[in-house]
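Residue numbers (the working numbering), protein chains in the order written: chain Z, 849 to 1107; chain B, 746 to 1086. C-beta: ideal position from N, C-alpha, C; glycine also. Below: one structure, written as structure tokens.
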Amino acid sequence: MSEPFLTAQQLNVTLSRRHVLKEVSLTLERQRLVTLVGPNGAGKTTLLRALAGLLRSSGTVQVGGETLAALPLRERAKRFGYLPQGHMVHWPLPAWDIVALGRYPHGASDPEHLSAQDASAVMRAMQATGVLEFSQRPATELSGGERSRVALARVLAVEAPVILADEPTASLDPGYQIEVMRTLRTAADNGVLAIVVTHDLGLAARFSDIVLVMQDGRLVAQGPPAEALSERILAEVFRISAFRAGHEHQMIIVPWAGV
Amino acid sequence: MVTADVAAGRRTSVIVALVLLVALLTLASLAVGPVRLSPLAVVDALFGGGDEVQRVIVQEIRLPRAILGVAIGAILGLSGAALQGLLRNPLASPSLFGAPQSAAFGAVLVIALGLADVRSYALPVAAIVMAFLSVFMLLSVAGRNAGLLILILAGLAISSLAGAATALAMNLSSNPFVALEIAFWLLGSLADRNFRHVILAMPFILAGAAILFSQRSALRALSLGEETAQSLGVNVGVLRLVVIVGVALGVGGAVAVTGTIGFIGLIAPHLMRPLVGYDPGRLLLPSALSGAALLLAADVAVRIIPSTSDIKVGVLTSLIGVPFFLYLIVRERRALGGGVA
Chain Z
849 MSEPFLTAQQ LNVTLSRRHV LKEVSLTLER QRLVTLVGPN GAGKTTLLRA LAGLLRSSGT
909 VQVGGETLAA LPLRERAKRF GYLPQGHMVH WPLPAWDIVA LGRYPHGASD PEHLSAQDAS
969 AVMRAMQATG VLEFSQRPAT ELSGGERSRV ALARVLAVEA PVILADEPTA SLDPGYQIEV
1029 MRTLRTAADN GVLAIVVTHD LGLAARFSDI VLVMQDGRLV AQGPPAEALS ERILAEVFRI
1089 SAFRAGHEHQ MIIVPWAGV
Chain B
746 MVTADVAAGR RTSVIVALVL LVALLTLASL AVGPVRLSPL AVVDALFGGG DEVQRVIVQE
806 IRLPRAILGV AIGAILGLSG AALQGLLRNP LASPSLFGAP QSAAFGAVLV IALGLADVRS
866 YALPVAAIVM AFLSVFMLLS VAGRNAGLLI LILAGLAISS LAGAATALAM NLSSNPFVAL
926 EIAFWLLGSL ADRNFRHVIL AMPFILAGAA ILFSQRSALR ALSLGEETAQ SLGVNVGVLR
986 LVVIVGVALG VGGAVAVTGT IGFIGLIAPH LMRPLVGYDP GRLLLPSALS GAALLLAADV
1046 AVRIIPSTSD IKVGVLTSLI GVPFFLYLIV RERRALGGGV A
């Protein structure tokens, strides 16, 4: 068992007087793909943002043995690659420039004048997501699937030990969904702790080492997919029953009926 | 990246071309007026040659006007580009935050109260103070972590308030000549400015420009949205404050000596985007240069256009700028209606 890399203790977040995150504690190791599931409004995005230090929370987050609150913004940015929902780009910047912004925490401010080290990190990230071929095309001219891969490449380019991805497979066709999950799986296998929010229990069951289940601001289950996505949890949290099976050491869950 | 090199090369040539254009227009600005001078005579007079009259015309009357044209056009173009980058909205311009209108009110108040005449130092000082006050008011109304929509609405409210206060000051002014003086000054003009104006405005314009340029890579990161920029290590709250202070300094200093000259900040970045690309960081320098060229050209034009009384340059930029603004609204209509987050 490797040692914990990311821990949260008693995280509480209140947004406009609503208690969105309640007493969340967790301990996670590197080299894991962790999916975060739960009904709409359960607090999944809030938890990701609290872990990244993007909103004010009470409680402590420790990353790599250091307290998040004590780290300057730039140092936090080196530790977390954050992919928000919708991954918006406001101006038609070339894909290369967008991915190169992943090196911003490392002091690379100009995408056209990257150090050899930064440039190779950008190349690696773009190769991993297969977007190198359109590196000079403006992001606004790319398809939804291509744009999401560019956004993922930007997060990979940070080369942070932790990746926080908020619904990276939303509104993607099945081929891209699997591709995105495979990319994150590979990153995890190479040592990253990837925490991925998803509504797709099938993808969660199949790809993750650990599933975190949230309901009403609380973490109600965590563990390997078979355990965390038990029949009882699915019924209590999602109010569904599911078809369950195993295939090549991977778990299959297909939401089947309401209960 | 071969194509990236091509883009960089094109940007360099655009910048070189703009510098040449600004130099040419500066020369034109020194040559044009009631007494027309040849370019050679201008250069001669500039370096102390020619006759006494020509030296006075070029060095003391037209040179301050040309310098202010360059500096104020540049800071307006730069401010527009920085604000459009900050708000990620191509319809943003300095007047959006109410700073120029508030600066104008500060100056008008000084004139209306009879505290000083239009050539006094009190005038620009009041304008700069009001520009600062409007920014502080904007921030306290909108809140430190306010969304962009709230900032825009607060800016609109503040500029309306400044406009109303200015109208009130003119309304209540007992001396009709004072009202007339205010009106002419509000129209925005570079005419009859001397080196005292240059010295007074320049420190603020330079400080504002330096502050805005220093934020160029943070503005680039902001292209990915506030949340992502924050996750990349940009303190978005601080960035917003710094950009607004830079704009207030530059625009406050500018308005103080010329009155309100609108739409340069809106137009300049738009002219540059097709040539140098959309990167908000790379847009700053070309926008400043094209702003300088626009204002110089407008200021030369008002001296060439035959008319019985002299046309104010602020009127001309508005006449060109407003239709352009409407065109932009039509062009951006779908994007705006679709909801910009």
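| Query | Result |
| --- | --- |
| Neighbouring residues, chain Z, relative to B/P1025 (Cβ below 8 Å) | W939 |
| Bounding residues of the beta strand (DSSP E) (the contiguous stretch that carries Z/Q1098) | Q1098 to G1106 |
| Contact list for Z/A1053 against chain B, beta-carbon separation under 8 Å | Ordered by position in chain B, no residue passes the 8 Å Cβ test against Z/A1053, which lies about 28 Å from the chain. |
| Span of the beta strand (DSSP E), counted from its first residue to its last, around Z/N930 | First, the residue type needs correcting, since residue 930 of chain Z is Tyr and not Asn in the sequence shown. Z/Y930 -> beta strand (DSSP E) spans F928 to L931. |
| CB contact below 8 Å: Z/P1022 versus chain B | no |
| Residue span of the alpha helix (DSSP H) that contains B/L1034, given as start and end | L1029 to I1049 |
| Segment contact flag, the segment 1052-1069 of chain Z with the segment 957-977 of chain Z, C-beta cutoff 8 Å, min 3 pairs | no |
| Distance between B/G822 and B/V992 (C-alpha atoms, nearest Å) | 11 Å |
| Contacts around B/R1027, its chain only, beta-carbon distance under 7 Å, and the 5 residues preceding and following it disregarded | R756 and V1021 |
| CB contact check: Z/R995 to chain B, cutoff 8 Å | no |
| Residue from Z/L874, Z/R866, Z/S1089 and Z/L881 with nearest C-alpha to Z/G1039 | Z/L881 |
| Paired residues, beta bridge with Z/G1094 - DSSP | Z/M1099 |
| Below-8 Å beta-carbon distance, B/Q975 vs any chain Z residue | yes |
| Residues that DSSP places opposite B/L1061 in a beta bridge | Looking at the DSSP assignment, B/L1061 forms no beta bridge with any residue, so it has no partner. |
| 7 Å Cβ cut-off: residues of chain B touching Z/E960 | A749 and A753 |
| As assigned by DSSP and simplified to three states, the class of Z/L874 | strand |
| Close beta carbons around B/L860, own chain, < 7 Å, minus the five adjacent residues each side | A867 |
| Any non-hydrogen atom of the ligand FMN within 7 Å of B/L969 CB | Looking at this structure, you won't find the ligand FMN or any other ligand, since it has none at all. |
| Residue-chain proximity (Z/D945, chain B), Cβ-Cβ < 8 Å | yes |
| Neighbourhood of B/F949 by C-beta, 7 Å cutoff - its chain only, sequence neighbours within 5 removed | I873, L994, G995, G997 and G998 |
| B/R1042 versus B/E1077, B/V1058 and B/V870, residue with shortest Cα-Cα distance | Here residue 1042 of chain B turns out to be Ala, not Arg, going by the sequence shown. For B/A1042, the nearest C-alpha among the options comes from B/V1058. |
| Bounding residues of the beta strand (DSSP E) (the contiguous stretch that carries Z/F853) | P852 to L863 |
| Minimum length 3: unbroken beta strand (DSSP E) runs contained in the segment 1022-1079 of chain Z | 1041-1045, 1058-1063 and 1066-1071 |
| Z/P986 - DSSP class collapsed to helix/strand/coil | strand |
| CB contact check: Z/P953 to chain B, cutoff 8 Å | yes |
| Z/A1013, DSSP secondary structure in three states | strand |
| B/T757 - DSSP class collapsed to helix/strand/coil | helix |
| Paired residues, beta bridge with B/Q804 - DSSP | Bridge partners of B/Q804: none, in fact. |
| Proximity test, Cβ basis, 8 Å: Z/M849 and chain B | Low per-residue confidence applies at Z/M849: pLDDT is 49, beneath 50, and the placement is therefore not dependable enough to give any value. |
| Euclidean distance between Cα positions of B/A1046 and B/A1038 | 12 Å |
| Within chain B, partners of Z/L921 - CB distance below 8 Å | Q975, G978, V979 and N980 |
| Close beta carbons around Z/G1114, own chain, < 7 Å, minus the five adjacent residues each side | A question about residue 1114 of chain Z goes unanswered here, because the residues of chain Z that appear run from 849 up to 1107. |
| C-alpha distance - B/A786 paired with B/A946, whole-angstrom precision | 28 Å |
| Beta-carbon proximity of B/I903 to B/G843, cut-off 8 Å | yes |
| Within 8 Å, strictly: CB atoms of Z/P932 and B/E972 | yes |
| Proximal chain Z residues relative to B/R1076, where beta-carbon distance stays under 8 Å | Ordered by position in chain Z, no residue passes the 8 Å Cβ test against B/R1076, which lies about 14 Å from the chain. |
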